[in-house]
Every structure is written in structure tokens, then in C-alpha cells.
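To start, the structure under review is shown below, and the notes come after it.
Protein chains in written order, with our numbering: chain A, 103 to 296; chain B, 41 to 639.
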């Protein structure tokens with residue numbers, strides 16, 4: 103921008119200065135007003151596109167995870183007393199524009215104690231890797247990523263995990279073990295649903 | 041006047057390109073051209089490689105959870121030259137990270153971040169962040185196990201940031217869970233947002249560099265001034281060429297870039313990031329419980345803050361290294377720490393038998409997935425493809441439903457076994473062993489059928505004097521015939537088929553089975569014992585249909601008889617038609633047929 107622009111002709115000044123400034127400062131004020139108009143106009147253009155775009159992109163922030171759902175897994179008599187078994191959670195999955203029937207949503211660990219079954223989410227509460235059984239009988243669970251280890255009852259044993267394995271509610275339906283499948287937030291000490 | 045120079049004049053008159061070119065090439069370099077200055081150009085060169093290969097890859101890539109893996113598989117294994125292009129992009133990305141580290145260290149050592157170049161140092165840090173962003177987003181795009189699990193860890197790390205973590209994570213993932221929107225978002229970042237920002241910052245970076253010029257080393261002879269062209273430009277071209285050559289050689293040597301099995305959220309996978317993130321990965325192991333955030337957020341932020349503050353910490357004039365050692369000590373510690381942590385991570389994995397075993401399992405799955413996808417991936421995606429392929433679904437089902445009683449190959453545990461070992465079941469050798477010693481430990485020895493079938497060549501105690509052992513010829517004939525029942529018509533015989541290559545043996549065997557075995561067994565629905573016995577149907581024995589019938593319900597007379605599931609036969613094989621879907625039964629039977637008879 104140059105500073106040697108001639109001042110606007112006096113006849114046009116009153117039109118471009120609707121505020122009606124004093125006579126002497128008309129050109130300067132009109133210039134300030136014009137700048138302001140340019141800035142406001144540009145901002146309006148930017149906002150008209152950026153705000154809808156940003157709102158669109160940010161839409162998932164408010165989304166909630168799928169609610170808990172009871173999913174039948176296998177028969178109670180297929181579990182061996184005290185021996186953890188990984189079972190897939192098979193149910194319908196809604197993913198954005200897709201609906202899929204009977205797909206594997208994830209997996210849980212089941213441990214039978216008499217007629218009761220405890221279930222643990224296989225998602226490591228540290229950073230979300232898939233937890234495995236530790237090597238050796240009764241050794242509990244271990245995460246293959248960052249060395250978190252858990253007791254057979256899901257209690258945190260060692261490693262970086264901030265909390266115990268997330269337990270899930272179970273019930274027996276007509277001889278089948280049903281699990282209340284949920285997901286929890288990762289990497290925090292509290293068990294909060296995602 | 042030559043036609044070329046006249047053309048040049050014509051264009052110059054209209055565009056002024058000569059002045060622009062001269063401005064670009066005649067940049068004075070105080071202290072003269074140096075190899076130390078090649079890093080920036082090498083980065084620009086490798087970025088161009090990424091841009092060209094990346095745009096080319098875009099023409100075949102389809103970002104959705106059903107198509108991403110399949111399209112990358114197509115690029116890698118089917119489209120001609122695709123493997124090379126992907127290899128260049130894969131190794132080019134790693135080259136960029138390495139050259140970037142070199143650039144940062146060179147700038148730091150030469151003191152090129154000092155007044156008045158602070159802003160350019162910050163622009164450089166922004167570019168560093170963008171390159172790491174490219175690496176992170178690009179890793180997910182093939183939607184294979186490796187990228188999927190490593191990126192899940194990364195987005196979960198974002199989720200551990202206090203207050204804004206949850207929102208950030210959902211923003212990145214496009215929701216609370218991984219899905220199609222995660223992929224489209226990462227794709228948009230990788231091919232549009234990050235490139236646009238990179239070009240913007242890079243333009244500013246180069247413009248500011250031109251404004252301030254190079255920062256010569258403190259010992260340089262400043263009276264010597266060379267122009268950018270030709271000496272420095274030649275050095276730069278050599279450097280870019282070297283980078284491209286290394287990338288090319290790596291891509292050819294490794295035959296492109298690896299592709300793991302399709303992302304499977306219900307699987308277990310030993311996730312590891314790319315090697316240049318291993319230091320950060322290793323760091324996560326050291327901060328336990330409530331301190332977790334130190335490894336995930338605090339230390340990386342402190343590191344970034346230090347790099348940002350470096351020009352403010354080091355304000356004394358002069359670029360000699362010695363007086364600047366103080367502010368540079370943390371940088372040396374960071375570099376040494378990163379190297380140490382990377383080595384430590386690799387060392388731990390190399391010595392972790394459990395990890396190695398998981399890795400082998402994952403690699404096997406990847407190679408089978410890559411093999412079967414050569415026939416094309418169905419529209420419902422690679423996971424559905426794998427669930428429908430006997431070679432992948434079969435072992436999965438066997439491990440889940442059969443391996444608690446049976447054993448086959450690596451599946452099942454011998455000490456818990458209560459049913460026959462299935463390796464070799466259906467072969468001639470297996471029939472011969474069965475005829476000789478039905479109660480052998482790997483056969484009926486541990487099952488409830490122990491003692492039900494007599495040996496044909498060893499008399500039971502108290503056998504009548506008229507008892508005669510079956511002749512070797514007859515046994516061979518029976519083995520030839522029974523093993524032939526499992527052969528698929530029109531298919532070549534397996535290598536372990538010996539006896540049944542002789543049609544006379546097979547015919548004799550059929551005769552013996554139909555007359556002598558039917559004392560106890562059924563053969564094609566007929567038997568002498570008026571359905572009182574337990575011995576199974578031998579017609580079609582060992583075929584896919586027989587196996588399928590036996591798994592679905594072993595008490596239909598197609599295999600064993602109605603009594604097989606009686607309460608007093610507790611411990612007999614249960615029926616699975618309630619818990620296995622028909623297509624799973626087909627897949628399991630098909631796989632078992634090949635897996636048991638494998639030589």
C-alpha cells in the first residue's frame with residue numbers, strides 16, 4: 103500500500119463517511135472507515151465459510167460411544183473353571199453410514215467361577231492395546247504393548263496401566279453367558295464410559 | 041540470434057522470468073558453499089518425491105474401512121509398478137524424518153536459530169510437527185493391523201491430555217470409536233490439510249532464509265562470498281540425489297512396503313509404532329499409574345517447549361559453539377536419550393519370546409491374507425473375506441471350539457486332550473494304525489471309545505481259538521479304500537497316497553469293508569447289528585461332507601448313530617450345529633479335510 107494516494111475528492115467524502123465527522127478530518131476518517139469496512143467484510147467472508155466448516159468437522163466431539171448392550175457369547179459349559187477365555191463380541195455395528203449385521207465388535211475375557219462368570223474388557227486401560235493372558239498358568243493378564251500386567255482377578259499388578267482391567271457385567275441366559283459390552287476411556291485412573 | 045534466445049526474449053518481455061531466475065540462483069552465500077547447507081534442499085527434494093508418489097498413489101487408493109486395505113493390496117500386488125511406488129513413498133517418509141533430524145542438528149550446531157532468525161527456527165519446528173503428522177496419519181491409511189493398532193495408541197495418548205483430551209480424541213477419530221470417519225479424517229489430513237500447511241510454512245521458511253542468508257560457521261572466512269549457483273546448487277543436487285538413491289535402493293531391496301493383515305478390532309496384536317517413534321513408545325513403559333501422563337504428554341511438551349525457547353535461552357551474540365554449550369546440552373541429552381530408548385525398545389522386543397511368538401502369528405496371518413486377496417476382495421471388505429476363507433477361519437474355529445478336546449498341528453494342549461489327535465486322520469497310515477491298535481494314545485486311547493473297537497491283528501485276551509488276524513494285504517486294501525473315500529474327485533492325490541494308487545487294492549478294500557467291517561460298522565447305511573452298536577458309518581469317511589456331518593451332529597447315522605449322544609455316553613463329541621453357523625461349519629470341515637490329511 104502506498105501513502106502518496108491523493109485524498110478523495112471533497113464532493114465524494116460526505117457519502118463515504120456516513121458517521122458525519124467534522125469537516126477537517128474527513129479524508130482520514132473516511133480512510134479509517136474504509137479499512138474497517140474491508141476488515142469486517144473479509145472477516146464476514148471468512149466466517150461464512152470457516153464457521154460452518156469448523157462446526158461440521160467438530161461435530162463428532164459431542165458424539166457418545168455406543169451404549170452398553172447385552173450380547174450372548176458362548177455356553178457356560180464351554181468355559182473351564184478359572185481359565186480365562188477370549189470371546190468375540192458379535193453384534194450389529196453402526197459405523198457412520200454403514201450398518202453391519204453380526205460382526206465382531208471387539209473381544210472380552212471370560213473367567214468362570216462356579217455358576218458365575220466374570221468378564222473383562224480386552225482393551226488395556228493404559229493406551230488401548232489388546233490384553234492377552236500372561237504366560238504360565240494362573241499368571242493373569244499381560245498387555246503386549248507397554249508391559250502392563252494384571253492379576254487373574256483383573257487387579258493391576260505392574261506396568262504403566264493407571265487402573266485395573268475394566269470388568270463388565272455378565273448374566274447367564276438359557277445356558278449362555280451374556281456380557282454387557284461397553285467401552286471405557288483410556289489412560290485415566292477412573293473407569294468412565296467412553 | 042538463435043531461435044532459443046529469441047524465444048527467451050519473448051517470454052522475458054512478458055513475464056520477467058530472467059530476473060526471477062537470477063534472483064533465485066544468485067543468492068550470495070557468505071563464507072562460501074558448504075555441504076552443511078544441503079539439508080534444507082534435501083528435505084525439499086524428498087518432499088517432492090513424497091508429493092509425486094503420494095498423488096500417484098491417490099489415483100488407486102480408496103479410503104474406507106471396506107476398501108482401504110483392499111486397494112493398498114491391489115497397489116502392492118496387482119497394479120504394475122505399484123509395489124515400487126509404495127516402497128518409494130514408505131522409505132521416502134523415513135528418509136524425510138532422518139534428513140529432518142540432520143537439518144535440526146545442523147541448524148542448532150551452527151547457531152542459525154539466533155537473532156534475527158528466531159521466527160525461521162519456529163517455522164522449522166512447525167514443519168517438524170507437520171512431518172511427524174504426515175508420518176502418523178499415513179501409517180493408518182493402509183488400514184492394516186500394524187497401522188490400526190499403532191494409531192489407536194496414538195489417539196488414545198491424545199485422549200490422556202487433561203481437559204481437552206477427550207474432545208481432541210473424538211475430533212481425530214471422528215467419534216468415540218474407530219471407524220470409517222477415522223480413515224476419511226486421517227486421509228483428508230494426509231493429502232490436503234497437512235500438504236497445504238507444509239507448502240505454506242515451507243514458503244515462509246525459504247523466504248525468511250533468503251532474507252537473512254545462511255549462518256556461516258564461526259570460523260568461516262566471511263570475505264569469501266559465493267553465489268548459490270553453481271557450487272552450492274551442485275552440492276544440493278548431489279545431496280538430493282543421494283537421498284533419492286537410498287530411498288530407491290531400499291524400496292527395491294525390500295520389494296516395496298510391507299502390508300500387514302487387515303485391521304481387526306477383535307484381534308490381539310502386538311502393536312509397535314514406526315522405528316522413529318520407538319523412543320516415545322519406550323518412554324510410555326516407565327511412567328506408571330497416575331504418572332502415565334508424564335510419558336504421554338508432559339515430557340513431549342517439555343521437549344517441544346525447550347526447542348521453542350532455544351533462541352530465547354541463547355541470546356549472547358556470536359555463533360561459536362563453545363559459549364553456547366549450556367543451552368545446547370538439553371538437545372544433546374534428548375538426542376542421546378532418543379537413541380538409547382530406541383535401542384532399549386528393540387532390545388526388549390528381541391528378547392521377549394512372547395512378543396516374538398505373537399509377531400510370527402501375525403506375520404503368518406498377514407501372508408495368508410495377502411495370498412487369498414490376490415483372488416480379489418469382496419465388497420463387504422477384507423475382514424469378511426478372511427472370515428469366509430477356510431485357511432483363516434478354519435484354524436480360528438478349531439482353536440475356539442475343538443482344541444479343548446482334540447489336537448491338530450499347533451492347536452490344542454496335549455495334557456488336556458480327551459479326544460484323538462487329528463494329524464494324519466483320514467490317511468492310509470492312520471487307518472493302518474487304527475486297524476492295528478485302535479486304543480493307541482493318539483487315537484481312542486483317551487476317549488470314551490477306548491475298548492470299543494478290537495484290533496484286527498492282535499487278539500483280545502480270551503479270544504476264541506478260531507480268531508485269525510487280518511492279513512497284511514487285506515489291511516492295506518482296507519486302508520487304500522477308506523483313505524480313497526476322502527479324496528476329492530478330479531483332484532490330484534496327495535503325496536502320502538501310496539496304496540490307493542492301485543485300483544485293485546481299492547476294489548478289494550471296498551469288498552472287505554462292505555462284508556467284514558459291517559459286523560459292527562455301517563457302510564452306506566447297512567450294518568449287521570440292527571443299530572445296536574456304536575461303530576460309525578464308513579461310507580464317505582474322511583470326506584468334507586462326513587466331517588461336516590460329524591461336527592454338526594454326530595448322532596444322525598451319517599457318521600455316528602443316534603445313541604452317540606445318549607446321556608450314558610457323556611464325554612462323546614457334542615453337536616455344534618446350534619453354535620456354529622452353516623457357513624462356519626462348511627469352512628471348518630473344508631479346512632479340517634486339508635489340515636488333517638496334510639503330508
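Ideal Cβ placement from N, Cα and C applies to all residues, glycine included.
query                                                                                                                                                                            : result
Please tell me whether residue 541(B) and residue 523(B) are closer than 8 Å, where the distance is taken between their beta carbons.                                            : no
CB-CB under 7 Å to residue 193(B), same chain, minus the five flanking residues each way: which ones, in chain order?                                                            : 311
Closer than 8 Å, Cβ to any Cβ of chain A: which residues of the segment 512-538 of chain B, in chain order?                                                                      : none
In chain order, what residues of the same chain have a beta carbon less than 7 Å from the beta carbon of residue 114(A), not counting five sequence neighbours either side?      : Note that residue 114(A) scores 45 on pLDDT, short of 50, meaning its location in the model is unreliable; the coordinates nonetheless yield the value given after this. Answer for residue 114(A): no residue qualifies.
Can you pull the chain B neighbours of residue 151(A), defined as C-beta to C-beta under 7 Å?                                                                                    : Near residue 151(A) there are no residues of chain B at all, since even the closest Cβ is about 15 Å away, more than 7 Å.
Tell me the residue span of the beta strand (DSSP E) that contains residue 206(A).                                                                                               : 200-215
Could you have a look at residue 451(B) and say whether DSSP puts it in helix, strand or coil?                                                                                   : strand
I'd like to know whether the C-beta atoms of residue 434(B) and residue 635(B) end up nearer to each other than 8 Å.                                                             : yes
So, for residue 179(A): in the same chain, excluding its five sequence neighbours on each side, which residues have a beta-carbon less than 8 Å away from its beta-carbon?       : 277
If you measure from the beta carbon of residue 158(B) to each beta carbon in chain A, is any gap under 8 Å?                                                                      : no
Please tell me whether residue 336(B) has its Cβ less than 8 Å away from any Cβ of chain A.                                                                                      : yes
Per the DSSP calculation, residue 82(A) is bridged to which residue(s)?                                                                                                          : As displayed, chain A neither begins before 103 nor continues past 296, which places residue 82(A) out of reach and without an answer.
Is residue 123(A) close to chain B, meaning its C-beta is less than 8 Å from at least one C-beta of that chain?                                                                  : Since pLDDT at residue 123(A) reaches only 48, below the 50 mark, its modelled position is unreliable, and the value read off the structure follows with that caveat. It does not: the Cβ of residue 123(A) has no partner Cβ on chain B nearer than 8 Å.
Give the range of the beta strand (DSSP E) segment to which residue 191(A) is assigned.                                                                                          : 187-197
Kindly indicate which residue of 296(B), 173(B) and 268(B) has the alpha-carbon position closest to the one of residue 237(B).                                                   : 173(B)
Check each residue of the segment 233-262 of chain A: if its Cβ is closer than 7 Å to any Cβ of chain B, include it; give the result in chain order.                             : 234, 237, 246, 247, 248, 249, 261 and 262
Against chain A, with Cβ distances strictly below 8 Å, would residue 123(B) count as a contact?                                                                                  : no
Cα-Cα, which of 123(B), 294(B), 359(B) and 331(B) is closest to residue 147(B)?                                                                                                  : 359(B)
Would you call residue 120(A) buried or exposed, if buried means 16 or more other Cβ atoms sit within 10 Å of its Cβ?                                                            : At residue 120(A), the pLDDT of 49 sits below 50, so the modelled position is not reliable and the matter cannot be decided from this model.
Out of 499(B), 241(B) and 513(B), point me to the one whose CA is closest to residue 507(B)'s CA.                                                                                : 499(B)
Can you tell me the Cα-Cα spacing of residue 123(A) and residue 133(A), whole angstroms?                                                                                         : With a pLDDT of only 48 at residue 123(A), under the threshold of 50, the placement of this residue in the model should not be trusted, and no figure is reported.
Would you kindly work out how many angstroms separate the C-alpha atoms of residue 544(B) and residue 471(B), rounded to a whole number?                                         : 18 Å
If you measure from the beta carbon of residue 275(A) to each beta carbon in chain B, is any gap under 8 Å?                                                                      : no
Looking at residue 102(B): is its Cβ nearer than 8 Å to the Cβ of residue 184(B)?                                                                                                : no
Just checking: is the beta-carbon of residue 103(A) within a distance shorter than 8 Å of some beta-carbon in chain B?                                                           : Annotation note: pLDDT 41 at residue 103(A) (below 50); position unreliable, coordinate value reported separately. No, because no Cβ of chain B sits closer than 8 Å to the Cβ of residue 103(A).
Can you give me the Cβ contacts of residue 493(B) inside the same chain, cut-off strictly under 6 Å, excluding the 5 residues immediately before and after it?                   : 478
Against chain A, which members of the segment 184-205 of chain B pass a CB distance test of less than 7 Å?                                                                       : 189, 192, 193, 196, 197, 199 and 200
Going by DSSP, what residues sit across from residue 220(A) in a beta bridge?                                                                                                    : 213(A)
If I measure Cβ to Cβ from residue 229(B) and keep anything under 8 Å in the same chain, skipping five residues before and after, which residues do I get?                       : 173 and 177
Measuring CA to CA, which of 578(B), 277(B), 234(B) and 585(B) is closest to residue 91(B)?                                                                                      : 234(B)
Among the residues of its own chain, which have a CB less than 8 Å from the CB of residue 98(B), if the five just before and after it don't count?                               : 231
Residue 396(B): buried (16+ other C-beta within 10 angstroms of its C-beta) or exposed?                                                                                          : exposed
Please determine if the segment 245-256 of chain B and the segment 228-235 of chain A are in contact, where contact requires at least 3 C-beta pairs separated by less than 8 Å. : no
Among 68(B), 170(B), 623(B) and 191(B), which residue has its Cα nearest to the Cα of residue 424(B)?                                                                            : 623(B)
If you scan the segment 332-374 of chain B from start to end, which runs of the alpha helix (DSSP H) of 4 or more residues do you find wholly inside it?                         : 339-353
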